[in-house]
């Protein structure tokens, strides 16, 4: 009971002692006192803070695990006709690579909902000049994530299951080693074999893994975007660049 409530109740009791009150009236007064002195449930109620998943931002990846915070995927989209070249920045949900493994060398899981067209980072990484307006980016992203293209709602991830990560050459003068990554790439529920070369360099206490590969959208059930009777569109071939950071 608060100080104000105690004082109010005491004053009421004092008034009662000086006033003749009927038994029924006295009972009513007691009920009012009890109701007034009851703690306000809403005032004392506490709420449990909502937990947010901050693992990606505060991660401490174990050996051979990908840093999802630092790693990026950049996709170069070539134009057709009067279209425009695009650079797309994406992130991974998780991943691991066991460099030198002859089998079961790891898995990369791509977060397709994170893919963002024509960010400054993507255009700079891919060597594309200029920038893209917010309105154009919004339209490109809407097309890219839609059902005919990536269909992010039904296929929120893509995966590269790495069967082997064989070392091809030792460190060169720049400190880079070369590895051949071989496995199965799955996009929009369709899986095809994939093999490409990657360079690995120790940097900032991690293995910096870079490489690129190309795919044809039509081989994964995607119809390349076109409009104006095909006068504006994008090419079938996509070139995907990986810029990954791997814990040592």
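Numbering (the numbering used here), first residue to last: 116 to 363. Glycine residues also receive a C-beta, built at the ideal position from the N, C-alpha and C atoms. Small disclaimer: the values here were computed from a predicted structure and weren't measured.
Same chain, Cβ closer than 6 Å to residue i, five either side skipped, listed in chain order
i: residue 358; result: 187, 325
i: residue 297; result: 278, 279, 310
i: residue 329; result: 352, 354
Residue i and residue j closer than 8 Å at C-beta
i: residue 348; j: residue 195; result: yes
i: residue 277; j: residue 220; result: yes
i: residue 215; j: residue 280; result: yes
Nearest candidate by alpha-carbon position, reference residue i, set the options
i: residue 322; options: 234, 175, 181; result: 181
i: residue 361; options: 198, 316, 204, 190; result: 316
i: residue 295; options: 184, 341, 312; result: 312
i: residue 270; options: 318, 363, 178, 337; result: 337
i: residue 193; options: 285, 185, 238; result: 238
i: residue 275; options: 230, 207, 245; result: 207
Euclidean distance between Cα positions of residue i and residue j
i: residue 350; j: residue 293; result: 30 Å
i: residue 306; j: residue 197; result: 32 Å
i: residue 314; j: residue 213; result: 14 Å
i: residue 175; j: residue 205; result: 21 Å
i: residue 222; j: residue 261; result: 26 Å
i: residue 342; j: residue 259; result: 14 Å
i: residue 252; j: residue 235; result: 11 Å
i: residue 333; j: residue 266; result: 14 Å
i: residue 217; j: residue 286; result: 19 Å
i: residue 185; j: residue 230; result: 15 Å
i: residue 183; j: residue 245; result: 28 Å
Assigned exposure category for residue i - 16 Cβ within 10 Å defines buried
i: residue 263; result: exposed
i: residue 331; result: exposed
i: residue 250; result: exposed
i: residue 283; result: exposed
i: residue 268; result: exposed
Residues of its chain near residue i, where Cβ-Cβ distance is below 8 Å and the 5 sequence neighbours each way are ignored
i: residue 255; result: 201, 232, 233, 247
i: residue 356; result: 188, 189, 190, 191, 240, 241, 325, 326, 327
i: residue 169; result: Its pLDDT being 39, under 50, residue 169 is placed unreliably by the model, and the measurement read from it follows with that caveat. Taken in chain order, the list of residues that qualify is empty.
i: residue 363; result: 178, 317, 320, 321, 322
i: residue 289; result: 316
Close Cβ partners of residue i (< 7 Å) along its chain, the five nearest in sequence each way excluded
i: residue 273; result: 225, 227, 301, 302
i: residue 243; result: 200, 202
i: residue 340; result: 258, 264, 348, 349
i: residue 373; result: In the structure as shown, the chain begins at 116 and stops at 363. Residue 373 is therefore absent and cannot be evaluated.
Minimum Cβ-Cβ distance from residue i to chain C less than 8 Å
i: residue 252; result: Checking the listed chains, one finds no chain C in this structure; it contains a single protein chain.
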